[in-house]
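Participant: One structure, pasted below without further comment.
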Ligand code: ATP
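In full-length UniProt numbering, the protein residues as written are 1 to 139.
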C-alpha cells in the first residue's frame with residue numbers, strides 16, 4: 001500500500017491528508033505549526049511538527065521511504081520550493097507541489113516536481129466542466 005507524506009496543513013493540505021486517511025492510507029502529516037499538527041493527530045497515522053526546509057529534520061523522518069509527497073505550503077513560496085527540492089533530492093519518487101501562479105509552477109518543475117497543481121485554476125475548470133455536463137442541468 002502506498003505511503004503518503006503531506007507537508008503544510010492549511011485548508012488544502014489538511015483536506016488531502018484527511019481524505020487519504022479516510023480511504024485507509026498511511027499518511028505522515030507535517031507542519032511547522034504545532035496547533036495544526038495537534039488537530040491532525042487523531043486523523044492521520046502520524047502527525048509531526050517540523051520545518052520542511054530543514055534537510056536534516058526531513059532526513060530524520062525517513063521521508064525517502066515514502067511513495068508520494070504533497071507539498072501544500074501556500075503563501076511561503078520560498079519554503080514551498082525548498083521543500084519540493086529537498087524531497088526530490090532525498091529520492092521521494094512522486095512529488096506533487098501546489099503553485100500560486102504559472103511562474104512559480106515553472107520553478108517547481110525545474111527543481112523536480114513530478115506534478116504541479118494550481119488549486120483554484122484546476123477547481124474552476126472542474127466546476128465549469130461539471131456545470132456543462134448534462135446531468136447537472138437536470139436539477
Ligand atoms: P490553504 O489555502 O491550504 O489554507 P495557504 O495557501 O493559505 O493554505 P499557508 O497557510 O501559507 O497556505 O501554508 C499552509 C501551511 O504550510 C501552513 O499551516 C504553514 O504553517 C505550513 N508551512 C509553511 N511553511 C512551512 C515549512 N517550512 N515547514 C512546514 N510547514 C510549513
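We put the CB at the ideal spot given by N, CA and C, even for glycine.
For the ligand ATP, enumerate in chain order all residues having a CB closer than 7 Å to any of its heavy atoms.
Facilitator: Here the list is 7, 8, 9, 10, 11, 12, 13, 30, 31, 32, 33, 36, 50, 51, 52, 53, 72, 73, 74, 75, 76, 79 and 83.
Participant: Considering only their Cβ atoms, is the gap separating residue 116 from residue 124 smaller than 7 Å?
Facilitator: Position 124 of the chain shown, counted from the start, is the residue given in the question as residue 124. Position 116 of the chain shown, counted from the start, is the residue given in the question as residue 116. The answer is no: Cβ separation not under 7 Å.
Participant: Just grab the DSSP bridge partners of residue 4 for me.
Facilitator: Within the chain shown, the letter at position 4 stands for residue 4. In DSSP, residue 4 forms a bridge with 27 and 68.
Participant: With DSSP as the reference, identify every bridge partner of residue 49, one or two as the case may be.
Facilitator: One-based indexing of the chain shown puts residue 49 at position 49. Answer by DSSP bridge pairing, in chain order: 31.
Participant: Would you mind working out which of 36, 57, 48 and 35 sits nearest residue 27, comparing C-alpha positions?
Facilitator: The residue given as residue 27 occupies position 27 in the chain shown. Closest option to residue 27, Cα to Cα, is 48.
Participant: Look at residue 80 and residue 68 and say whether their C-beta atoms are less than 7 Å apart.
Facilitator: In the chain shown, counting from the first residue as 1, residue 80 sits at position 80. In the chain shown, counting from the first residue as 1, residue 68 sits at position 68. The answer is no: Cβ separation not under 7 Å.
Participant: For residue 107, which three-state DSSP category applies?
Facilitator: Here residue 107 refers to the residue found at position 107 of the chain shown. Three-state DSSP puts residue 107 in a helix.
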